[in-house]
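Q:
Chains as they are written, first to last, in our numbering: chain A, 1 to 187; chain B, 188 to 374; chain C, 375 to 561.
#1: In or out: residue 289(B) buried (at least 16 other Cβ within 10 Å) or exposed?
#2: Checking 7 Å against the spacing of the C-beta atoms, do residue 120(A) and residue 165(A) come in under that value?
#3: For residue 510(C), which residues in chain B fall below 9 Å Cβ to Cβ?
#4: Exposed or buried, residue 323(B), counting other C-beta atoms within 10 Å across all chains shown (16 or more means buried)?
#5: Among residues of its own chain, excluding the 5 on either side of residue 390(C), which ones have a beta-carbon nearer than 6 Å to its beta-carbon?
#6: Identify the contact partners of residue 148(A) in chain D, using a Cβ-Cβ distance below 7 Å as the criterion.
#7: Quick check: what's the CA-CA separation for residue 320(B) versus residue 432(C)?
#8: Any heavy atom of the ligand SAM inside 6 Å of the beta-carbon of residue 256(B)?
#9: Taking residue 33(A) as the reference, which of 85(A), 10(A), 13(A) has the closest Cα?
#10: Residue 224(B) by DSSP, collapsed to three states: which one?
#11: From this set, 183(A), 176(A), 159(A), 175(A), which residue's C-alpha is nearest residue 9(A)'s C-alpha?
#12: Starting from residue 397(C), trace the alpha helix (DSSP H) both ways and give me its first and last residue.
#13: How many Å lie between residue 294(B) and residue 287(B) at the Cα?
#14: Can you give me the C-alpha to C-alpha distance between residue 560(C) and residue 237(B), rounded to a whole angstrom?
#15: Give me the Cα-Cα distance between residue 549(C) and residue 251(B), rounded to the nearest whole angstrom.
#16: Going by the DSSP bridge assignment, what does residue 143(A) pair with across the sheet?
#17: Step through the CB atoms of chain A and report whether any lies within less than 7 Å of the CB of residue 343(B).
#18: Rounded to whole angstroms, how far is the Cβ of residue 274(B) from the Cβ of residue 209(B), which I believe are closer than 8 Å?
#19: On a Cα-Cα basis, can you pick out the residue from 7(A), 5(A), 12(A), 6(A) that is closest to residue 326(B)?
#20: 7 Å is my cut-off, CB to CB: does residue 383(C) come that close to chain A?
#21: Residues bridged to residue 357(B) by DSSP?
#22: Any Cβ of chain B within less than 7 Å of the Cβ of residue 526(C)?
#23: Sorted by chain position, which residues of the same chain lie with C-beta nearer than 7 Å to residue 266(B)'s C-beta, five sequence neighbours on each side aside?
#24: From the DSSP secondary-structure annotation, give me the bridge partner or partners of residue 438(C).
#25: Can you tell me the Cα-Cα spacing of residue 258(B) and residue 303(B), whole angstroms?
#26: Closer than 7 Å, CB to CB, is residue 25(A) near chain B or not?
#27: Between residue 467(C) and residue 399(C), is the Cβ-Cβ spacing less than 7 Å?
#28: Does DSSP put residue 243(B) in a helix, a strand or coil?
#29: Could you name the residues of chain A that residue 552(C) contacts, counting a contact when the two beta carbons are closer than 8 Å?
#30: How many angstroms separate the CA atom of residue 270(B) from the CA atom of residue 311(B)?
#31: Determine the direct distance from the alpha carbon of residue 403(C) to that of residue 380(C), and round the result to whole angstroms.
#32: Cutting at 7 Å between CB atoms, please list the residues of its own chain near residue 355(B), excluding the five before and the five after it.
#33: Per DSSP, residue 50(A) is paired with what?
#34: Quick check on DSSP: helix, strand or coil for residue 560(C)?
#35: Express the C-alpha separation of residue 76(A) and residue 527(C) in angstroms, rounding to a whole number.
#36: Give the range of the alpha helix (DSSP H) segment to which residue 297(B) is assigned.
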């Protein structure tokens, strides 16, 4: 049912169980697995939480690499792993937006599209499976804050590119994954 | 198609028609039905609206009991009803969070998980069907407000526990219910 | 698979690809097509973007009419078109709310229901297909702002009326359309 060398996108709201589902999916594939964590370390409490997550995942056979921006490079260097799980694109887009701000560079839908198209090409070249986790953030009221509006647009654009290139896409709500692309085998 | 003594979770956005669908589902089951309302009475206008809703439901054969916090106790005492509809978990989690604040007690994901696991065990012991209504609140932008962020996490955790224990889960959008768990019979 | 003279509703979050999907759907039907745009022109930048969109659509065989409020009238006058695409109901509800505010008229769920029921009746009388695009805005945290809360309620109510009258309803996430109503033929 699960194809070799496939790309999967898992989206959902916050605390929807999407990361848990992504890890279970990767563990079902079996073989060596890399967790590519995009979460920025903002303070000591966060650093401590991240350390505990790394140790928890080791028990499940995972190695972890942390990278906030250059995830295509890390994915490119991870050819030896049967599965790479990127968790998550929503923080990656946030990090890219923040980095562009620090460097006084422009960040818009064209720029994030370019970066995402690169990422997707790298994922296609990965000899094993790649699973991306992202967030659905566009189903609330339009935010007052213009940065939040830009972020919503950037992430929406990124998610569309990755979903178009994915063999399977899941929308998770209340911990229940709903396959919205690639479920032909299931019928 | 509808199993005896099943647990159902109905989620969706605000004004998505989830409560209407829940009531229709309960009425299709038939038999005696109890509406367990968790809505806090915040002012006289609200009290008046609640009174009208109670009368409206009476016309549809419903009895109503109002309880903001101890819904497991009320469910436990409702063994005589063929169907109990709990509307809604999203206000219950809100009420639990507010009560903990008033009592200067901690409220976190572990605490709400504990309370939800209790609630689910009680639902399983109910001789008839139990239908829970909740809200999907995690698909917007991360709120600025730290209370809102905690609430999102608590409700997400609660929803995952209830969905895991449910025979059927529905996601409602635009008044259309989409069964995301337990629709094997339908295929 | 696609019925003559059908009504379709397409919902989703912001930047979910719902408008793109709606246009593709209309183009697959073929024949003459009208784009009924409800977007208010707020400044010169917006006016310029709208002009570019109109030209882009002309290349795809579309004519465009702009109307912020009286979309039922425009739909009624568009009987000659094989397909009319209304993009979008979310801005229409916003425009109706704003107009009521300017005129110091009441706007509530009953009022928007009345206007939506009129619109739906007009869509049913259209000899060809009508496709409505809307937004899912109710899956985030309850907004602090009372106007935003009212807007959420009005749009939720509008979406329910249109979905009930539609032959097909799609929920779009990450550019992937999920048919939540009317997919019986597909099984």
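Backbone N, C-alpha and C fix where the C-beta goes; we use that ideal spot for every residue, glycine too.
A: In terms of the structure at hand:
#1: Answer is exposed; the Cβ neighbour count stays below 16.
#2: Yes, they are a contact pair.
#3: Within 9 Å Cβ-Cβ: 200, 203, 326, 360, 361.
#4: Flag for residue 323(B) reads buried.
#5: Hits under 6 Å: 546, 547.
#6: The displayed structure is made up of protein chains A, B and C, and chain D is not among them.
#7: Their backbone Cα atoms lie some 46 Å apart in a straight line.
#8: The ligand SAM is not among the ligands present in this structure, which contains no ligands whatsoever.
#9: When only C-alpha atoms are compared, the closest one is 85(A).
#10: In the three-state reduction of the DSSP assignment, residue 224(B) falls in the strand class, which pools E and B.
#11: The shortest C-alpha separation from residue 9(A) is found at 159(A).
#12: First-last of the alpha helix (DSSP H) with residue 397(C): 392–403.
#13: Their Cα atoms are separated by approximately 6 Å.
#14: Confidence in residue 560(C) is poor, its pLDDT being 45 and thus under 50, which makes the residue's placement unreliable; the coordinate value appears in the next sentence. Between the C-alpha atoms of residue 560(C) and residue 237(B) there is a straight-line separation of about 42 Å.
#15: Rounded to the nearest angstrom, the two C-alpha atoms are 43 Å apart.
#16: Bridge partners of residue 143(A) according to DSSP: none are assigned.
#17: Chain A, which has a Cβ nearer than 7 Å to the Cβ of residue 343(B), makes this yes.
#18: Sure, about 6 Å apart at Cβ, within 8 Å.
#19: If we check each option's Cα against that of residue 326(B), 12(A) comes out closest.
#20: Residue 383(C) does not count as touching chain A.
#21: Residue 357(B) is bridged to 197(B), 366(B).
#22: Chain B contact via Cβ: present.
#23: So the list reads 313, 314, once near-sequence residues are dropped.
#24: In the DSSP assignment, the residues bridged to residue 438(C) are 409(C).
#25: Take the alpha-carbon of residue 258(B) and the one of residue 303(B): they are about 10 Å apart.
#26: Output row for residue 25(A): interface = no.
#27: Between residue 467(C) and residue 399(C), the gap from beta carbon to beta carbon reaches 7 Å or more.
#28: Helix at residue 243(B).
#29: The contacting residues are 171, 178, 180.
#30: Whole-angstrom Cα-Cα distance: 13 Å.
#31: Separation of residue 380(C) and residue 403(C) (C-alpha to C-alpha, rounded to the nearest whole angstrom) is 11 Å.
#32: Only residues of its own chain outside the window of five on either side were considered, and among them 193, 195, 366, 368, 369 have a CB closer than 7 Å to the CB of residue 355(B), listed in chain order.
#33: None; residue 50(A) has no bridge partner.
#34: Here residue 560(C) scores only 45 on pLDDT, less than 50, and its place in the model should not be relied on; the value that follows carries that caveat. Correct three-state label for residue 560(C): coil.
#35: Roughly 47 Å between the two C-alpha positions.
#36: Taken as a continuous stretch (DSSP letters only), the alpha helix (DSSP H) holding residue 297(B) covers 296–312.
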